[in-house]
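Residue numbers (UniProt numbering): 1 to 183.
Below you can see the structure in the form of structure tokens.
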């Protein structure tokens, strides 16, 4: 079952309130970020936890315990996952986690963004870019690397819907604009 947008938001709000009340904003923020990445492109796993025909409910809940329990995932997140399994709505887990991350980020003076590149960037390079962006916007920045084959060279960083572009493609586009402007 796919949950409506406002219901997904309610789940994220409830988990946010728990995080604040129990003073575990940072822990849940880090775990939400990791789980979002872990669940990406895991459609078969998500389907097993969503649809009854795949396994009975007890087995699906055991899968939650076995899979996420070994990594000390927060019990409230685990319980939310189990309720989603019961509702046949685990397919919404990643969306709920994204909303949760967004809400917790606001509380933690932190933000997430994407660094686009033509090929994968090393963890060290990402850390350097995070530090520069953190200084630039006065917030702690965590970046995820994504590949964009349309970039010619360089990188493009997107934080809070603002694009910081250091790619060759943007420089060429800028030159093209200047040439057309002078005609």
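Where a beta carbon is used, it is the ideal one built from N, C-alpha and C, also for glycine. Since the structure is predicted, the reported quantities are computational estimates derived from the model, not experimental observations.
6 angstroms CB neighbourhood of residue i in its chain, flanking five on each side removed
i           : result
residue 114 : 144, 146, 158
residue 49  : 60, 85, 90
Alpha helix (DSSP H) segment containing residue i, residue limits
i           : result
residue 108 : It is not in any alpha helix (DSSP H) - residue 108 carries neither H nor E in the DSSP assignment.
residue 165 : Taken as a continuous stretch (DSSP letters only), residue 165 belongs to no alpha helix (DSSP H), being part of the beta strand (DSSP E) at 162-165.
residue 46  : 43-50
Residue i - DSSP class collapsed to helix/strand/coil
i           : result
residue 148 : coil
residue 155 : strand
residue 142 : strand
Extent of the continuous beta strand (DSSP E) run through residue i
i          : result
residue 85 : Unbroken run through residue 85 is the alpha helix (DSSP H), 75-86; no beta strand (DSSP E).
residue 91 : Here residue 91 belongs to no beta strand (DSSP E), and DSSP marks it neither H nor E.
Residue i versus residue j - alpha carbon distance
i           : j           : result
residue 108 : residue 98  : 15 angstroms
residue 164 : residue 52  : 45 angstroms
residue 68  : residue 81  : 10 angstroms
residue 141 : residue 3   : 30 angstroms
residue 133 : residue 179 : 31 angstroms
Close-in-space but distant-in-sequence residues of the same chain around residue i (CB under 8 angstroms, 5 per side omitted)
i           : result
residue 148 : 116, 117, 118, 156
residue 126 : 115, 143, 145
Neighbourhood of residue i by C-beta distance below 7 angstroms, restricted to the same chain and skipping five residues each side
i           : result
residue 224 : No answer is possible for residue 224: the residues shown for the chain start at 1 and end at 183.
residue 176 : none
residue 88  : 1, 50, 51, 52
heavy atom of the ligand MG below 6 angstroms from residue i C-beta
i           : result
residue 143 : With respect to the ligand MG, the structure offers nothing, as it holds no ligand at all.
May I have a chain-ordered list of the alpha helix (DSSP H) segments no shorter than 4 residues that lie completely inside the stretch 16-40? List check, alpha helix (DSSP H) in window: 25-39.
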